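**Student:** Here's a structure for you.
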Amino acid sequence: MDQTDNFLHTTHRTVSWFRKSFLSNELVLAAPFQRNPVWTNIQKSYLIDTILNGLPIPELYMQDLGDEQGAERHIVVDGQQRIRAILEFVQGEYALEGEEVLRKWQGLRFDDMSPDEKKDIFSYKFVVRILPAMEEDGVRKIFSRLNRNVVALNEQELRNATYWGPFIKTVQKIADEDQFWSESGIFSAADHRRMLDHEFISEIAIAYLNGAQNKKDKLDTYYQLYEKSFERKEEIESTFRSITGEISHLLPKLSATRWKKKSDFYTLFLCLSERAADLPFASDVRTTVSAKLQEFGARVDRILRLEEADWERQDPNVVAYARAVSRAASDRGNRIARATALSNVLFTDNQMQTGQTEVEAAADAIAPTTDAEAPLHNE
596 MDQTDNFLHT THRTVSWFRK SFLSNELVLA APFQRNPVWT NIQKSYLIDT
646 ILNGLPIPEL YMQDLGDEQG AERHIVVDGQ QRIRAILEFV QGEYALEGEE
696 VLRKWQGLRF DDMSPDEKKD IFSYKFVVRI LPAMEEDGVR KIFSRLNRNV
746 VALNEQELRN ATYWGPFIKT VQKIADEDQF WSESGIFSAA DHRRMLDHEF
796 ISEIAIAYLN GAQNKKDKLD TYYQLYEKSF ERKEEIESTF RSITGEISHL
846 LPKLSATRWK KKSDFYTLFL CLSERAADLP FASDVRTTVS AKLQEFGARV
896 DRILRLEEAD WERQDPNVVA YARAVSRAAS DRGNRIARAT ALSNVLFTDN
946 QMQTGQTEVE AAADAIAPTT DAEAPLHNE
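For the sequence shown, the working numbering begins at 596 and goes up steadily by one.
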């Protein structure tokens, strides 16, 4: 027999079989090489909805082991989260929720189901691939091989797998439906593939709603906060359309300017969001703001090419911005300093020329940082 025949045997097992095996302590769901269970109730609910609709679920990998006394152990090598989700539902541990679940089932627990629906759940058949008896090291290698072609998920890809609520759907809609984000030059093809555009849009949306944040420290906190309810969905969508539309007029060649860099775009977006009620700008205002933006960006570029000792005689707004963008650019304090400097330039006609201005004080307050504190990516 070809050695591969040992891995080709498949069978079907019902939810009822898994429940009986679990209650008799014959089912092993916590194999040491598996990930900890991390599914949310919304993800679990979607699986139950799939079962109730009779739709297919990817096959499971298991081992069936027995000893000389006839005792059996059924080890789930791959698929433990699916089985846990079903068993927890049957045991009444959660109610079905989420927009992906049919409305007639939303809010129901297993005991609330009709007799026919309960039968449908218990009789649902999984395709199970049975692995031969082998040492744990061999099982680990198989488990690793099953997952080897899966690229390690970054933080935003993990959020995409964890959150299904109205906030993440709003972010996805903005990223996928507005051509601005694919044409602006802010993101590389790799950024789009790894959902880093979604992550950045999340950052500026949260900054618009709650003020500038420190790096990405609280992204998950806000994703959790807005998972079940996000009442400002329409406001965010409308504001993003207005601001990206205005930026397209102010900087028609955005990709050729420093404002395509994530740190700079973050600042520009927040400055314009403070004046969202005035958008779109009148023609004369737009012409003025566009010229100021391009001139200020060029001046920041020039000062960054100088030694810092030569910055003293430069415009304090340029100095403050340059300091705040050249080190630890995603720190909250530096984000605020940049926004202050840019707002002064774009929207203040008569800046103080004597004494220490607010932006000079901000520039002086930005202490030098070490290379280790620099941002990990070019924002």
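Quick reminder that beta carbons are idealized off the backbone N, C-alpha and C, glycines included.
These numbers were taken from a predicted model, which means no experiment stands behind them.
Can you give the Cα-Cα distance for Met596 and Leu726, rounded to whole angstroms?
**Tutor:** Position 1 of the sequence shown, counting from 1, holds the residue named residue 596. Position 131 of the sequence shown, counting from 1, holds the residue named residue 726. For Met596, the predicted structure reports a pLDDT of 42, less than 50, and the residue's modelled location is therefore unreliable. A value from the coordinates is still provided. The alpha-carbon atoms of Met596 and Leu726 are separated by roughly 16 Å.
**Student:** Between Ala886 and Val895, what straight-line distance do the alpha-carbon atoms span, to the nearest angstrom?
**Tutor:** Your numbering for residue 886 matches position 291 in the sequence shown. Your numbering for residue 895 matches position 300 in the sequence shown. Cα to Cα, Ala886 sits roughly 14 Å from Val895.
**Student:** Where Lys857 and Val723 are concerned, what is the direct C-alpha to C-alpha distance, given to the nearest angstrom?
**Tutor:** Within the sequence shown, numbered from 1, the residue matching residue 857 stands at position 262. Within the sequence shown, numbered from 1, the residue matching residue 723 stands at position 128. Straight-line Cα distance between these residues: approximately 47 Å.
**Student:** Output yes or no for whether 7 Å exceeds the beta carbon distance between Arg679 and Val623.
**Tutor:** To locate residue 679, count along the sequence shown from 1; it is residue 84. To locate residue 623, count along the sequence shown from 1; it is residue 28. Not a contact, by the Cβ cut-off of 7 Å.
**Student:** Within its chain, find whatever has a CB closer than 6 Å to the CB of Thr862; leave out the 5 residues flanking it on each side and keep chain order.
**Tutor:** The residue you call residue 862 lines up with position 267 of the sequence shown. Hits under 6 Å: Arg933, Ala934 and Leu937.
**Student:** Can you tell me which residues form a DSSP beta bridge with Arg608?
**Tutor:** Position 13 of the sequence shown, counted from the start, is the residue given in the question as residue 608. Paired residue(s): Phe721.
**Student:** Should Ala851 be labelled buried (16 or more other beta-carbon atoms within 10 Å of its own) or exposed?
**Tutor:** Numbered from its first residue, the sequence shown carries residue 851 at position 256. Under this definition Ala851 is an exposed residue.
**Student:** Could you check which residue in Tyr689, Gln658, Glu869 and Val685 has the C-alpha nearest to that of Ile637?
**Tutor:** The sequence position of residue 637 within the sequence shown is 42, counting from 1. Considering only alpha carbons, the answer is Tyr689.
**Student:** Does Glu667 come out as helix, strand or coil in the three-state DSSP assignment?
**Tutor:** For the purposes of this step, residue 667 is taken as the residue at position 72 of the sequence shown. Note: Glu667 maps to strand in three-state DSSP.
**Student:** Looking only at its own chain, which residues have a Cβ that is under 6 Å from the Cβ of Trp700, when we skip the five neighbours before and after it?
**Tutor:** As a first step, residue 700 is located in the sequence shown; it is residue number 105 there, counting from the start. So the qualifying residues of the chain are Leu691.
**Student:** Where are the alpha helix (DSSP H) runs, 4 residues long or more, that stay fully inside the region 878-922, in chain order?
**Tutor:** 878-899 and 911-921
**Student:** Assuming Phe864 and Tyr821 form a contact by the criterion Cβ under 8 Å, report the distance between their Cβ atoms to the nearest whole angstrom.
**Tutor:** For the purposes of this step, residue 864 is taken as residue 269 along the sequence shown, with counting starting at 1. For the purposes of this step, residue 821 is taken as residue 226 along the sequence shown, with counting starting at 1. No, Phe864 and Tyr821 are not in contact; Cβ-Cβ is about 19 Å, not under 8 Å.
**Student:** May I ask you to report which of helix, strand or coil DSSP gives Glu758?
**Tutor:** Against the sequence shown, residue 758 aligns to sequence position 163. It should be pointed out that residue 758 corresponds to Tyr in this sequence rather than to Glu. Here Tyr758 sits in coil by DSSP.
**Student:** By Cβ distance, which residues of its chain are closer than 7 Å to Thr882, with the 5 residues on each side in sequence left out?
**Tutor:** Looking up residue 882 in the sequence shown gives position 287. If we look at Thr882 and ignore the five residues flanking it on each side, it has no Cβ neighbours.
**Student:** If you compare alpha carbons, which of Asp771, His787, Glu778 and Leu814 is closest to Tyr758?
**Tutor:** For the purposes of this step, residue 758 is identified with residue 163 of the sequence shown, where counting begins at 1. When only C-alpha atoms are compared, the closest one is Leu814.
**Student:** Using only alpha-carbon positions, find the residue among Phe795, Arg704 and Val685 that is nearest to Glu750.
**Tutor:** For this step, residue 750 is matched to residue 155 along the sequence shown. Nearest C-alpha to Glu750: Phe795.
**Student:** Give the straight-line distance between the Cα atoms of Asn929 and Glu798, rounded to the nearest whole angstrom.
**Tutor:** As a working note, residue 929 is residue 334 in the sequence shown. As a working note, residue 798 is residue 203 in the sequence shown. So the alpha carbons of these two residues sit roughly 15 Å apart.
**Student:** Sorry if obvious, but does the Cβ on Thr816 come closer than 6 Å to a heavy atom of the ligand ADP?
**Tutor:** Ligands displayed in this structure: none; no statement on the ligand ADP is therefore possible.
**Student:** Smallest Cα separation from Val696: which of Tyr641, Asn648 and Asp859?
**Tutor:** Here residue 696 is taken as the residue at index 101 of the sequence shown, counted from 1. It is Tyr641 whose Cα lies nearest to the Cα of Val696.
**Student:** Output yes or no for whether 7 Å exceeds the beta carbon distance between Leu845 and Val884.
**Tutor:** For the purposes of this step, residue 845 is taken as residue 250 along the sequence shown, with counting starting at 1. For the purposes of this step, residue 884 is taken as residue 289 along the sequence shown, with counting starting at 1. Against a cut-off of 7 Å, the Cβ pair of Val884 and Leu845 comes out as a contact.
**Student:** Nearest to Ala807 by CA position, among Thr839, Cys866 and Ser824, is which residue?
**Tutor:** For the purposes of this step, residue 807 is taken as residue 212 along the sequence shown, with counting starting at 1. Ala807 has its Cα closest to that of Cys866, out of Thr839, Cys866 and Ser824.
**Student:** Tell me the DSSP bridge mates of Asp659?
**Tutor:** On the sequence shown, position 64 is the one that residue 659 refers to. Beta-bridge pairing links Asp659 to His669.
**Student:** Suppose the cutoff is 7 Å on Cβ atoms and the five residues either side in sequence are ignored; what does the same chain contact list for Gly892 look like?
**Tutor:** Position 297 of the sequence shown, counting from 1, holds the residue named residue 892. These residues qualify, in order along the chain: Thr852, Arg853 and Trp854.
**Student:** For the region 655-665 against the region 782-791, are there 3 or more C-beta pairs whose distance is under 8 Å?
**Tutor:** no
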